[in-house]
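Working notes for the structure below.
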Amino acid sequence: MTAPLHIAVLMGGWSAERAVSLKSGAGVAEALASLGHRVTRIDMDHDVAARLAEAAPDVVFNALHGSPGEDGTVQGMLDLMGLKYTHSGRVASVIAIDKQLTKLLLIPHGVPMPGGRIVKSAELFERDPLPRPYVVKPINEGSSVGVAIVTNEGNYGQPIGRDTRGPWAEFDELLAEPFIRGRELTTAVLGDQALGVTELRPKSGFYDYDAKYTDGLTDHLYPAPVPDAIAQACERIALQAHRLLGCKGCSRADFRWDDSQGEEGLFLLEVNTQPGMTPLSLVPEQARHRGIGYPELCQRIVDEALK
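Dropping the structure here:
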């Protein structure tokens, strides 16, 4: 056990993932306090810099999800203030939250990712950007916020239009990608170690925001019932992406696997630089399967920040 520290846990904020961040932050704060650390909880508002300066912590545990806590904005502020903080730094955060920038960095290094392109939302009302089925999603949101699968029957059984529900109503630009049939897999990386592979099986629909954060809506299968070659490929790709992006602390790589295509059907969808730390979150779950309890996981993430 390291010497007790003063740790500010930064949580909340105003992104679409505020509720998840508050749960992550509460869990982290309780765990760190149980280890003997002095913990200051900060629900981020626009006066966050002043509150951090007043607290003067040894390290900041960044439990924010989405913008501006995961997109490099808060990281830049903390850099200017000279404060050490958990998870990835400014540059890695800027790139990883932007799904198109992530593709531009990783695909040339041989990381398999879906194709696709950025489209104006208004274009969707006139023509399909890709053959159906395809996926449209915000360029820089996490937790499956705003993801829509467009099939031959339309989206949610309705045609795409200005007056129908979907991300086109909230975002001016979207990323359109081919829909990859098959299975949802995820791999966490802690430090420089992949923690295994979990398969996620939603009981209905797809693995959207509700399926992620509502108890009982998704089965988590660990270790994933996949061939060894697929599990090894997930771990290899997750580590490769973590390193290429320059991630620190922990990250989580999300995959789709078309099991009819073997290893050729495995695609990395995105890398989350600040994965959830709620009771239903995947990083704590995979760590637990590897013998790393929740308080120890939080301590390891802090230790990475202090290196």
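One point on numbering: in numbering that gives the first Met the number 0, the residue at position 79 of the sequence shown is 78, and numbering is uninterrupted. Here a beta-carbon is modelled for each residue, glycine too, at the ideal position from N, C-alpha and C.
- For His5, the enclosing beta strand (DSSP E) begins and ends at 5-11.
- DSSP places His219 in the strand class (E or B) of the three-state scheme.
- Ser66 and Met43 have their C-alpha atoms some 12 Å from each other.
- Per the DSSP secondary-structure output, Ser250 pairs in a beta bridge with Val188.
- Spatial neighbours of Asp127 in its own chain (CB-CB distance under 8 Å, excluding positions within 5 residues in sequence) are listed in chain order as Tyr133, Val149.
- A direct Cα-to-Cα measurement between Asn151 and Ile96 gives close to 30 Å.
- Straight across, the Cα-Cα distance linking His241 with Ala48 is about 28 Å.
- It is roughly 10 Å from the alpha-carbon of Arg182 to the alpha-carbon of Ser259.
- In the displayed model, Val38 falls within a strand according to three-state DSSP.
- Within the DSSP bridge table, the entry for Tyr133 names Val149, Pro177 as partners.
- Shortest Cα-Cα distance from Lys22 to any of Thr85, Thr277, Pro294 involves Thr277.
- Contact between the stretch 245-253 and the stretch 215-232 is absent: fewer than three C-beta pairs spanning the two stretches fall below 8 Å.
- In the structure shown, Pro201 adopts extended strand secondary structure according to DSSP, grouped into three states.
- For the 8 Å CB-CB criterion, Val8 and Ala28 form a contact.
- One thing to note: Thr85 has its Cβ within 8 Å of the Cβ of Phe60.
- For Lys306, no alpha helix (DSSP H) run applies, since DSSP gives it neither H nor E.
- The residues Val19, Ser23, in chain order, have a CB closer than 6 Å to that of Gly275 in the same chain once the five nearest residues on each side in sequence are set aside.
- As computed with DSSP, Glu183 is found in a beta bridge with Leu199, Arg255.
- Between Val282 and Ala193, the C-beta gap is not smaller than 8 Å, which leaves the two residues out of contact.
- By the neighbour-count criterion, in which a residue is buried when 16 or more other Cβ atoms sit within 10 angstroms of its Cβ, Ala52 is exposed.
- In the DSSP assignment, Asn271 forms a beta bridge with Arg251.
- Under the three-state reduction of DSSP, Glu295 is assigned to helix.
- Boundaries of the beta strand (DSSP E) harbouring Val59: 58-61, taken from the DSSP string.
- Shortest Cα-Cα distance from Phe178 to any of Glu122, Met112, Ile138, Glu172 involves Met112.
- The beta carbons of Leu243 and Leu105 sit about 6 Å from each other, so the pair counts as a contact at 8 Å.
- Burial check for Asp70: the Cβ neighbour count within 10 Å reaches 16 or more, so the residue is buried.
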